[in-house]
Amino acid sequence: MYNFTYHRAGSVDAAAAKLAESGDAKLLAGGMTLLPTMKQRLAQPSDLIDLNEIDGLKGITVSGGTVTIGAMTRHADVAASAEVQQAIPALAKLAGLIGDPAVRNRGTIGGSIANNDPAADYPAAVVGLGATVVTNKREIAGDDFFTGMFETALDEGEIVTAVRFPAPQKAAYFKFPNPASRYAVVGVMVAKTASGVRVAVTGAAPCVFRQSDMERALSGNFSADALSGITQDADGLNEDIHASAEYRANLVVVGAKRAVAEMA
Amino acid sequence: MTGFADFIGGFGDIMTVKVTTTVNGKPVSGDVEPNTLLVEFVRENLGLTGTHVGCDTSQCGACTVHFDGKPVKSCTILAVQAEGHQVVTIEGIGQPGNLHPMQAAFQENHGLQCGFCTPGMIMAGIGIVERNKGTNLSEETIRAELEGNICRCTGYHNIVKSIAAAARGN
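The listed protein sequences correspond, in order, to chains A and B.
Just so you know, we're using the numbering used here here: the first sequence kicks off at 14 and counts up by one.
Just so you know, we're using the numbering used here here: the second sequence kicks off at 4 and counts up by one.
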């Protein structure tokens, strides 16, 4: 990888200040995507600002039906958290399906959502559970956070500090992983929440999206049968050597049905 | 120190960084460039060549070490990130004549053929047993949790058998 200047940030404010003053700096969270990208020379940041030593960004708190996860909390810690398993079991399960154990010991929720890989799992949780992304500047509704492939609503110099998940009445996550990379070929989060049914799909399209036909059908009848007549349009879905757009479209329906059936 | 990267598009004035960390219980330090990987530091600066580089793309797990007690891929962590942390490599868990139970189990069950992936398998295997302490570790769990470690010789059968044996304590 190209060389860079390394900075170890002691606080979010220090990281933000360094980010503002450095030419083409990038934040280093778990590094599970950024470092491989740099090794391939697909990224050439002038500076890396390491967030790993900021203790205030780590940890999980559950109170009043809200699960708050610090941006630098590792996937393994979310997966193993008894509190998350109790409040939102689908979220703990999702975290435990990311990558492999060694990757889960480094990768972070903040890094995952800020990168917004089309095949990442966490975007399905943030949108599907109606979470709120907290940054050093503001709060962003999960529905507004992911704006396109590898694009988010984050401004220059804005740093994710936490994600707040309201506990749903029930939720389940279906994932069809690529057997080699473990990225989602398709992932579907279905949640029944106080404000309605939410269905969020990752892996299938360039960016996570809500499947509104399914949400409407499930609002009237929260059962897998309610999804029987629904099809997912393959137009605009991802197509690669692993799966055609039509295959992914079919998986979206299959995945949603299985997620709903799991909750029955 | 001037690295190759400086000549072909890197930033010219990169300073080396001093890293002070603990490897296998001993304090160590060294001057590294920021883009030095932990596995390069361990192998080249410290001469601990038991940790292997297989794919160098965080897929194969041959470079697995324990970072603050947890298995990680040392090809995907910077050496500077080890500052103040505890790193344990395959050399740190046991020695000839005094093997770690996981090493002994691999030996007993012939959990290897060429041996290239073995250091990573053993470090990952210790993590599997740790994470599943107090449960009856199933073959299914072992296979699922080995998904970040690739062996191209054995078909995994004896590796799984070795980890199961180590978990049972025999």
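We put the CB at the ideal spot given by N, CA and C, even for glycine.
Three-state class that DSSP yields for A/HIS88 in the structure shown: In the first sequence, counting from the first residue as 1, residue 88 of chain A sits at position 75. A/HIS88 falls in the helix class under three-state DSSP.
Closest residue to A/ALA272 among A/ASP253, A/ASN263, A/SER236, A/ALA247 (Cα-Cα distance): In the first sequence, counting from the first residue as 1, residue 272 of chain A sits at position 259. Answer by Cα proximity: A/SER236.
CA-to-CA distance, A/ALA258 to A/LEU32, given in whole angstroms: Taking the first sequence and counting its residues from 1, the one referred to as residue 32 of chain A is at position 19. Taking the first sequence and counting its residues from 1, the one referred to as residue 258 of chain A is at position 245. Taking the straight line from one Cα to the other gives about 39 Å.
Simplified DSSP state of A/ASN263, which is helix, strand or coil: In the first sequence, residue 263 of chain A corresponds to position 250, counting from 1. Reduced to three states, the DSSP call for A/ASN263 is helix.
Chain A contact for B/SER61 (CB, 9 Å cutoff): As a position in the second sequence, residue 61 of chain B is number 58, starting the count at 1. True, the Cβ-Cβ gap to chain A drops below 9 Å.
8 Å Cβ shell around A/ALA144 - same chain, five flanking residues per side excluded: In the first sequence, the residue the question calls residue 144 of chain A occupies position 131. Contacts found: ALA138, GLY155, VAL176, ARG177, PHE178, PRO179.
Member of B/LYS164, B/CYS120, B/GLU142, B/GLU133 whose CA lies at the smallest distance from the CA of B/CYS156: Stepping through the second sequence from its first residue, residue 156 of chain B is reached at position 153. The residue with the shortest Cα to Cα distance from B/CYS156 is B/CYS120.
Under the three-state DSSP convention, the category A/GLY2 falls into: Because chain A here runs from 14 to 277, residue 2 of chain A falls outside it and cannot be looked at.
Reduced DSSP category for A/GLY83 - H, G, I as helix; E, B as strand; rest coil: Translated into positions along the first sequence, residue 83 of chain A becomes position 70. A/GLY83 falls in the strand class under three-state DSSP.
DSSP three-state assignment for A/LEU142, whether helix, strand or coil: As a working note, residue 142 of chain A is residue 129 in the first sequence. In this structure, A/LEU142 counts as coil in the three-state DSSP scheme.
Cβ of A/ARG229 within 9 Å of any chain B Cβ: As a working mapping, residue 229 of chain A is identified with position 216 in the first sequence. By this cut-off, A/ARG229 is not an interface position.
Three or more C-beta pairs below 8 Å linking the region 35–47 of chain B and the region 72–80 of chain B: yes
Spatial neighbours of B/ILE131 in its chain, beta-carbon cut-off 8 Å, leaving aside the 5 residues before and after: Within the second sequence, residue 131 of chain B is the residue found at index 128, counting from 1. So the list reads LEU140, THR144, ILE145, GLU148, LEU149, ILE166, ALA170, once near-sequence residues are dropped.
Cβ of B/PHE44 within 9 Å of any chain A Cβ: Taking the second sequence and counting its residues from 1, the one referred to as residue 44 of chain B is at position 41. It does not: the Cβ of B/PHE44 has no partner Cβ on chain A nearer than 9 Å.
Helix, strand or coil at B/ARG155 [DSSP, three-state]: Taking the first residue of the second sequence as position 1, residue 155 of chain B is located at position 152. Of the three classes helix, strand and coil, the one that applies to B/ARG155 here is coil, per DSSP.
Minimum C-alpha distance to B/GLN89 - residue among B/ASN152, B/GLY28, B/HIS160, B/ILE162: Counted from its first residue, the second sequence places residue 89 of chain B at position 86. Selected option, being the one with the closest Cα: B/GLY28.
Residue range of the beta strand (DSSP E) that includes A/PRO102: The residue labelled residue 102 of chain A in the question sits at position 89 within the first sequence. Here A/PRO102 belongs to no beta strand (DSSP E); instead the alpha helix (DSSP H) covers 102–108.
Partners in chain A for B/VAL20, counting only beta-carbon separations shorter than 7 Å: Against the second sequence, residue 20 of chain B aligns to sequence position 17. Per Cβ cutoff of 7 Å: TYR19.
Secondary structure of A/ARG119, DSSP reduced to three states: Within the first sequence, the letter at position 106 stands for residue 119 of chain A. In this structure, A/ARG119 counts as coil in the three-state DSSP scheme.
Check whether A/VAL146 and A/PHE222 have beta carbons under 9 Å apart: Here residue 146 of chain A refers to the residue found at position 133 when the first sequence is read from its first residue. Here residue 222 of chain A refers to the residue found at position 209 when the first sequence is read from its first residue. In this structure, A/PHE222 does not lie closer than 9 Å to A/VAL146 by Cβ.
A/LYS39 at chain B interface by Cβ criterion, 9 Å: Taking the first residue of the first sequence as 1, we reach residue 39 of chain A at position 26. Taking Cβ atoms only, chain B never reaches closer than 9 Å to A/LYS39, which makes this a no.
Candidates B/GLU86, B/THR138, B/HIS69, B/ASP59, of which the one nearest B/ILE153 by Cα: Position 150 of the second sequence holds residue 153 of chain B. The shortest Cα separation from B/ILE153 among B/GLU86, B/THR138, B/HIS69, B/ASP59 belongs to B/ASP59.
Simplified DSSP state of A/ILE172, which is helix, strand or coil: Position 159 of the first sequence holds residue 172 of chain A. Here A/ILE172 sits in coil by DSSP.
A/LYS52 (DSSP reduced to helix, strand or coil): Counted from its first residue, the first sequence places residue 52 of chain A at position 39. Reduced to three states, the DSSP call for A/LYS52 is helix.
Contact set for A/ILE172: own chain, Cβ-Cβ below 7 Å, skip 5 residues either direction: Along the first sequence, one-based indexing puts residue 172 of chain A at 159. If we look at A/ILE172 and ignore the five residues flanking it on each side, its Cβ neighbours are VAL25, ALA28, ALA29, LEU40, THR148, ASN149.
Residue-chain proximity (B/ALA8, chain A), Cβ-Cβ < 9 Å: Taking the second sequence and counting its residues from 1, one reaches residue 8 of chain B at position 5. Only weak support exists for where B/ALA8 lies, its pLDDT of 42 falling under 50; the coordinates are left without a value.
Identity of the residues DSSP links to B/ASN101 by a beta bridge: Position 98 of the second sequence, counted from the first residue, corresponds to residue 101 of chain B. Partner(s): B/GLN98.
Buried versus exposed, by CB contacts within 10 Å (16 or more), A/THR74: Counted from its first residue, the first sequence places residue 74 of chain A at position 61. Classification of A/THR74: exposed, given that the 10 Å Cβ count is below 16.
Beta-carbon proximity list for A/ALA262, same chain, < 8 Å, skipping 5 on both sides: For this step, residue 262 of chain A is matched to residue 249 along the first sequence. Contacts found: ALA217, THR244, GLN245, ASP246, ALA247, LEU250.
Within chain A, the residues that B/ILE80 reaches when beta carbons sit closer than 9 Å: In the second sequence, the residue the question calls residue 80 of chain B occupies position 77. Per Cβ cutoff of 9 Å: GLY44, LEU48, ARG119.
Three-state class that DSSP yields for A/GLN99 in the structure shown: For the purposes of this step, residue 99 of chain A is taken as residue 86 along the first sequence, with counting starting at 1. Helix at A/GLN99.
For A/GLY161, the residue or residues it bridges with in DSSP: Reading the first sequence from its first residue, position 148 is the one you call residue 161 of chain A. Note: A/GLY161 sits in a beta bridge opposite A/GLU164.
Beta-carbon contacts of B/MET4 that lie in its chain and below 6 Å, excluding the five residues immediately before and after: Residue numbering aside, residue 4 of chain B sits at position 1 when the second sequence is read from its first letter. Because the pLDDT at B/MET4 is just 42, under 50, the model does not fix this residue reliably, and the value given afterwards should be weighed accordingly. Contacts found: THR19.
Within 9 Å, strictly: CB atoms of A/VAL199 and A/GLU228: Here residue 199 of chain A corresponds to residue number 186 of the first sequence, with the count starting at 1. Here residue 228 of chain A corresponds to residue number 215 of the first sequence, with the count starting at 1. Taking 9 Å as the Cβ cut-off, A/VAL199 and A/GLU228 do not qualify as a contacting pair.
Within-9 Å CB hit, A/VAL265 to chain B: If you number the first sequence from 1, residue 265 of chain A lands on position 252. No, its Cβ sits nowhere closer than 9 Å to a Cβ of chain B.
Which of helix, strand or coil DSSP assigns to A/GLU152: Within the first sequence, residue 152 of chain A is the residue found at index 139, counting from 1. Here A/GLU152 sits in strand by DSSP.
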